[in-house]
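One rule links them: number in my numbering = place in the sequence shown (from 1) + 101. Reading through the structure tokens given below for one structure.
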Amino acid sequence: MRAFEEASRRMQLPAGGSVASAWESMLAVFGIPLWCVLVQGQPRETAEGIRTVLELPEDVVMLGVEGMLRNGSELTAFVGGHAITLKEWRDGRVVFHDPLPGGPFLAGAVAEGEHYWSVAAKDLGSVLTGLLVLPVAWLEAFGETAAVRFAELPGTQFWSFFGVTETGREESEFGGVEVHAEPGNFAEHVELSFTVGRGDRVTHAALSMSREWVTGGGANPLALDITRNFVAAVLPPRDVPAAAPILAGFDPAGLGGLWRTAEFQESIAGDVLLVYLGEHPEIAVTFGLSELRLDESEGWLTVEVAIF
Numbered sequence: 102m103r104a105f106e107e108a109s110r111r112m113q114l115p116a117g118g119s120v121a122s123a124w125e126s127m128l129a130v131f132g133i134p135l136w137c138v139l140v141q142g143q144p145r146e147t148a149e150g151i152r153t154v155l156e157l158p159e160d161v162v163m164l165g166v167e168g169m170l171r172n173g174s175e176l177t178a179f180v181g182g183h184a185i186t187l188k189e190w191r192d193g194r195v196v197f198h199d200p201l202p203g204g205p206f207l208a209g210a211v212a213e214g215e216h217y218w219s220v221a222a223k224d225l226g227s228v229l230t231g232l233l234v235l236p237v238a239w240l241e242a243f244g245e246t247a248a249v250r251f252a253e254l255p256g257t258q259f260w261s262f263f264g265v266t267e268t269g270r271e272e273s274e275f276g277g278v279e280v281h282a283e284p285g286n287f288a289e290h291v292e293l294s295f296t297v298g299r300g301d302r303v304t305h306a307a308l309s310m311s312r313e314w315v316t317g318g319g320a321n322p323l324a325l326d327i328t329r330n331f332v333a334a335v336l337p338p339r340d341v342p343a344a345a346p347i348l349a350g351f352d353p354a355g356l357g358g359l360w361r362t363a364e365f366q367e368s369i370a371g372d373v374l375l376v377y378l379g380e381h382p383e384i385a386v387t388f389g390l391s392e393l394r395l396d397e398s399e400g401w402l403t404v405e406v407a408i409f
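As structure tokens, then:
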């Protein structure tokens, strides 16, 4: 998530771009389907093609803005088709970045530095037309625990049953921590990593397994089981129901039953399993708050979950 925020700041969306064009740019560059929040009673921004659009009253939108900024997340805001980046909540004022040269376009804005300004939150709310937000950050601005916390993982079946232990930590490129781990057995065939961001959120997790161990002597039940438990442990709670058919496909019990049904073979869960078994090179499945990706490289299968 931090990498996305930093990269999007550097990319600097065109100031005159529409919400829809900005959403498309972010999806194309980062693969993240941002949520669009429109303010009721304001001129409607063009949101055609955006997957998730919320229309909310001004006071609710500004509560979300305050919550996100207080939690350390930035967000893209639109005022009459003009895009700015909201950076910080400071004593009832919002600090924002405006890429255009010249003076502030918002009444009452005070200079905070080159291209940086602050404005009273109530003044921003009165002219704000829309936002593009990271889904998890938006939900957590209202108090929902939308992403798994790393501290919760040792209490999961995945962690305890497979005897997972942490082996090292390092800073990730854009902030946060990269945690490396391994299972108690078959560590020569399995590697684990977790990116942990603000508030101990797991923002990315990866399970890598040698192809030899996964399918060298047929479908290895242990490999299936660790994959199923890994994905279930790191998915956002809201996404678990949508991922249930895929998780069922990783159940070793499916070896003699579910896999053979036409319904399963023709489903997205069946497509995921074909990549897992080495029949196809890669696949990505997007849920509401996360993406599951499987791909193979140099004899290793990697199962990744990225949280938005």
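For glycine and all other residues, C-beta sits at the position ideal for the given N, C-alpha and C. Owing to the predicted nature of the structure, the values given are computational and were not obtained by experimental measurement.
**Message:** Rounded to whole angstroms, what is the Cα-Cα separation between T266 and G182?
**Reply:** The straight-line gap from Cα to Cα measures roughly 50 Å.
**Asked** Among M310, T296, G350, L374, which one has its Cα closest to the Cα of A288?
**Response** Nearest of M310, T296, G350, L374 to A288, Cα basis: M310.
**Asked** So, helix, strand or coil for G319, using DSSP?
**Response** Looking at G319 - three-state DSSP - the assignment turns out to be strand.
**Nearest-angstrom Cα separation, counted from L207 out to E383** = E383 and L207 have their C-alpha atoms roughly 47 Å apart.
**Prompt:** On the three-pair Cβ rule with 8 Å, is the region 241–255 touching the region 128–143?
**Reply:** No: fewer than three Cβ pairs fall under 8 Å.
**Prompt:** With contact counted as at least three CB pairs below 8 Å, one residue from each stretch, are the region 338–352 and the region 253–267 in contact?
**Reply:** No, because fewer than three Cβ pairs between the region 338–352 and the region 253–267 fall closer than 8 Å, the two stretches do not touch.
**Request:** Enumerate, from N- to C-terminal direction, the unbroken beta strand (DSSP E) stretches of 3 or more residues contained entirely within the region 284–309.
**Result:** Counting only runs of at least 3 residues, the region 284–309 fully encloses the following beta strand (DSSP E) elements, listed from N- to C-terminal order: 291–297.
**Item:** Alpha carbon of T177 to alpha carbon of L348, nearest angstrom
**Value:** Answer to the nearest angstrom: the Cα atoms are 34 Å apart.
**Under the three-state DSSP convention, the category R110 falls into** = Confidence in R110 is poor, its pLDDT being 45 and thus under 50, which makes the residue's placement unreliable; the coordinate value appears in the next sentence. R110 falls in the helix class under three-state DSSP.
**Prompt:** Helix, strand or coil: which one does DSSP assign to T328?
**Reply:** Under the three-state reduction of DSSP, T328 is assigned to helix.
**Asked** Quick one: Cα of A184 to Cα of F388, how far?
**Response** A straight line joining the alpha-carbon of A184 with that of F388 spans about 27 Å.
**Asked** Going straight from the alpha carbon of R191 to that of M163, what length do you get?
**Response** Rounded to the nearest angstrom, the two C-alpha atoms are 14 Å apart.
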